[in-house]
Amino acid sequence: MPTLVTPLELCGIGKRFGRLSVLRGVELRVDAGEVVGLIGANGSGKTTLLNIAVGLLSPSEGERRLGGDPAPEVGLEQRARIAFVTHTTQLYPRLSARENMVLFAELRAAAGAEVAPIDPLLERLGLLHAADRMVGTFSRGMMQRLALARALAGRPQLLLLDEPFTALDRPGRERLAEVLVQERAAGLAVLLSSHDYDAVVAVTDRVVLLEDGRLRGEVRRGKGADATGYRDRVAELGLLRPSVSLDIRQGEEAMHA
Amino acid sequence: MRLSRQAWLLAKNDLRQELRDLELVATAGFFTLVVLVMFGLSFASLPLRAQPLAIPGMLWLAVAFVGALTLTRIFDRERESDTLRALLTAPVDRLAIYASKAAVTLVVLLGCCMVLVPGLSFLFPVAGVFAERPGTTAALVVLGCTAYAGVGTLFAAGLATSSGKNVLLSVILYPLTSPALMWSLVATRALLDGHPDLPTYLVQLAALDVLLLVLAGWLFESVLVGPGRSGTAARRARAAHRR
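As they're listed, the protein sequences go chains S and Z. Per the working numbering: the first sequence = residues 1 to 257. Per the working numbering: the second sequence = residues 1 to 243.
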């Protein structure tokens, strides 16, 4: 399968649910070998945007382009190039880790899509020792890593991650960051949403802020001396925005109540 | 080829999990036994000439209830851990999801009929016809259950992506499966009476199966994903926005 130069382009995307407008005029592109972070407060439209990118939702306006081609519907061939990992790990708890992997690998193979060997992936995500254990006995962090392993088994060209750092402990986060850096070097395009600014800063090349359904700002990782200021600029973009800091204040109030 | 292979893989996956926890089989199996015992206690002294009128009703009423019980749970494994979304975003033909779920429902219904039919034959002398004509009986049961599973799976999918109000399944399911149940009932009555038009009824039932399967297969993707949105995704988006 040829590597796509621009796996994802969202052009003027808007989404309404009845009268409720969730996204407005969102312009976003993710190139091959690029990791883009999507930050924003709860309800800002991050998950809706990822659902539109993967084809679970259709935009009310604007155009979704996958691999440079307009994609009003996301068909089998396009789904073979995309992987989506969410904080709900979407694994069968009564199957072992290996059985979960094999099921999706066989489903992909039946569709003529590429499949990577399973055991090396499990080893890379630190799960080979637990490959034959039922997923229901896994910790959330292990499930999260297994969901990522399953996603990578499809050799995707575009990886969408919704809150991937949720439930991961520090070693788990470091491992995820390491895997993302390796995959980026291999040409994978990644769009991830997260509230965890430290984790986002560690793995992304670019961060965009979504606020009230609109893209409000963008910070790029610079070269050389600029790279050191990336964290500060991302923090400034995220934390100084009223709606984002409001979430933090609400959290603090709730803790003190 | 792709469709049948993916449907087989998904059905095999469901059956493998079912063998581990026996959720569907245990519920449907015990329910069938209870219904059979209740029929036995209530209708054991039914006069012989009244039995051909009652037995078709007992058989298909039990199938209808076991079917509803099965269909409310058939997407539970996908709903429980949101694996339906993983299937929807993977290169999996949506029709394969439908075919696998309908097939598993059919297996459960046929399993219950394997208890119901001999049980009714044991309890009611007139139902001995089932044992005398096993081929016709098997064809009748398979055709009737296929129609029920075919249309029922469609609505089970609709509820898997909605708010999980399983009560709605019954409200929608029974009216829509009525033609399949009525036809099966009439054909069963014809079998018990030795009616000469039985082959015609069976052919009509087979035609109804084809019609319902084609219609359900055609509608399945829009019921599961919705026109332009998935119910689950849309619900989550609304909930997130409210927060």
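Cβ atoms here follow ideal geometry from the backbone N, Cα and C, with glycine treated the same way.
Within the model, the alpha-carbon separation for Z/Arg85 versus Z/Val129 is close to 47 Å. Taking C-beta atoms under 8 Å as the contact rule, S/Arg94 and Z/Gln17 qualify, at a distance of about 5 Å.
One thing to note: S/Lys15 has its Cβ within 8 Å of the Cβ of S/Ser60. A distance below 8 Å between beta-carbons, with the five flanking residues on each side excluded, links S/Glu114 to the following residues of its chain, in chain order: Met1, Ala80, Arg108, Gly154 and Arg155.
Every alpha helix (DSSP H) of 4 residues or more that sits fully in the segment 7–59 of chain S is shown, in chain order, as 46–54. The beta-carbon of Z/Gln17 is placed less than 8 Å from the nearest beta-carbon of chain S. Around the CB of S/Gln182, fewer than 16 other CB atoms lie within 10 Å, so the residue is classed as exposed.
Taking each of S/Asn51, S/Leu125 and S/Asp132 in turn and checking the Cα distance to S/Glu174, the smallest one comes out for S/Leu125. Closest in C-alpha terms to S/Asp205, from the list S/Met143, S/Val35 and S/Ala97, comes S/Val35. In this structure, DSSP gives S/Arg64 an extended state, which the three-state scheme calls strand. Beta-bridge annotation (DSSP): S/Gly217 is paired with S/Leu209.
Z/Ala50 counts as exposed, since fewer than 16 other C-beta atoms from the protein chains shown sit within 10 angstroms of its C-beta. Against chain S, the CB of Z/Leu61 has no partner CB under 8 Å away; the residue lies outside that interface. Taking 8 Å as the CB threshold, S/Phe138 stays off the interface with chain Z. With a contact defined as Cβ atoms closer than 8 Å, S/Thr88 and S/Gln144 miss out at about 10 Å. Annotation: the continuous beta strand (DSSP E) that includes S/Asp162 extends over Leu158 to Asp162.
Here DSSP, grouped into helix, strand and coil, assigns S/Ala147 to helix. Using a CB distance below 9 Å, the part of the segment 65–94 of chain Z facing chain S consists of Arg77, Glu78, Glu80, Ser81, Asp82, Thr83, Leu84, Arg85, Ala86, Leu87, Leu88, Thr89, Ala90, Pro91, Val92 and Asp93, ordered along the chain. Between the C-alpha atoms of S/Leu50 and Z/Val107 there is a straight-line separation of about 37 Å.
Residue contact with chain S for Z/Asp197: absent (no Cβ-Cβ distance below 8 Å to any residue of chain S). Z/Ala62: member of the alpha helix (DSSP H) spanning Gln51 to Leu71, first to last residue. Within the DSSP bridge table, the entry for S/Met134 names S/Ser96 as partners. Of all residues in the segment 2–14 of chain Z, only Arg2, Arg5, Gln6, Leu9, Leu10 and Asn13 place a beta-carbon less than 8 Å from a beta-carbon of chain S. When the five nearest sequence neighbours on each side are left out, the beta carbons in the same chain lying within less than 6 Å of the beta carbon of Z/Leu123 are those of Gly40, in order along the chain. Taking a contact to require three or more Cβ pairs closer than 8 Å, the segment 29–48 of chain Z and the segment 129–142 of chain Z do not qualify as touching.
Against chain Z, the CB of S/Pro93 has a partner CB under 8 Å away; the residue lies at that interface.
For Z/Asp21, the closest Cβ of chain S is nearer than 8 Å.
Taking the Cα positions, Z/Cys113 is about 26 Å away from Z/Ser4. Fully enclosed alpha helix (DSSP H) runs of no fewer than 4 residues occupy 128–132 and 134–160 of the segment 109–162 of chain Z, in order along the chain.
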